[in-house]
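See structure below.
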Amino acid sequence: MKNYPPQFKADAVALYESRPEATIRSVAADLGINPETLRSWVRAAGVSRPRGRRTQEPGLPPAPLEAENAALRKKVRELEEEREILRKAAKYFAGETRW
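Read in my numbering, the sequence shown has 765 at position 26, and its numbers run on one by one without any break.
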């Protein structure tokens, strides 16, 4: 059984929380860890998501450019978090392989 550093665990849970459309399985695959490992970390952190389909409150749709900008900003945040987590994981595993 591998021991992961607490910071890696916290970053993995944060990545899962930051991507509401993602599943535990997809985030675990991105990080190269077992989905059940990530699931236990998420449970331990007390993260929960509503089950079933999400209902959106009716309202005025945002202007097309505002919606696109918001989506792009969200994607940039996700990619930055993923990059940081992968950088830390690569650093951790590189140190693990040295004799």
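Ideal placement from N, C-alpha and C gives every residue a C-beta, glycine not left out.
Which two residues bound the contiguous alpha helix (DSSP H) that contains residue i?
{"i": "Gly834", "result": "803-835"}
{"i": "Arg764", "result": "763-770"}
When the Cα of residue i is compared with those of the options, which residue comes out closest?
{"i": "Glu756", "options": "Glu823, Ala833, Glu835, Glu817", "result": "Glu817"}
State the DSSP-derived secondary structure class of residue i, mapped to helix, strand or coil.
{"i": "Val781", "result": "helix"}
{"i": "Pro744", "result": "coil"}
{"i": "Val786", "result": "coil"}
{"i": "Glu760", "result": "coil"}
Near residue i, which residues of its chain fall below 6 Å by C-beta distance, leaving aside the five closest residues on each side in sequence?
{"i": "Lys748", "result": "Trp780"}
Nearest-angstrom Cα distance between residue i and residue j?
{"i": "Arg826", "j": "Leu804", "result": "32 Å"}
{"i": "Glu823", "j": "Lys813", "result": "16 Å"}
{"i": "Glu821", "j": "Leu754", "result": "7 Å"}
{"i": "Tyr831", "j": "Ala802", "result": "44 Å"}
{"i": "Lys741", "j": "Glu807", "result": "41 Å"}
{"i": "Pro759", "j": "Val786", "result": "12 Å"}
{"i": "Glu819", "j": "Asp750", "result": "12 Å"}
Leaving out five residues on either side along the sequence, give the residues of the same chain with a beta carbon under 8 Å from the beta carbon of residue i.
{"i": "Ala833", "result": "none"}
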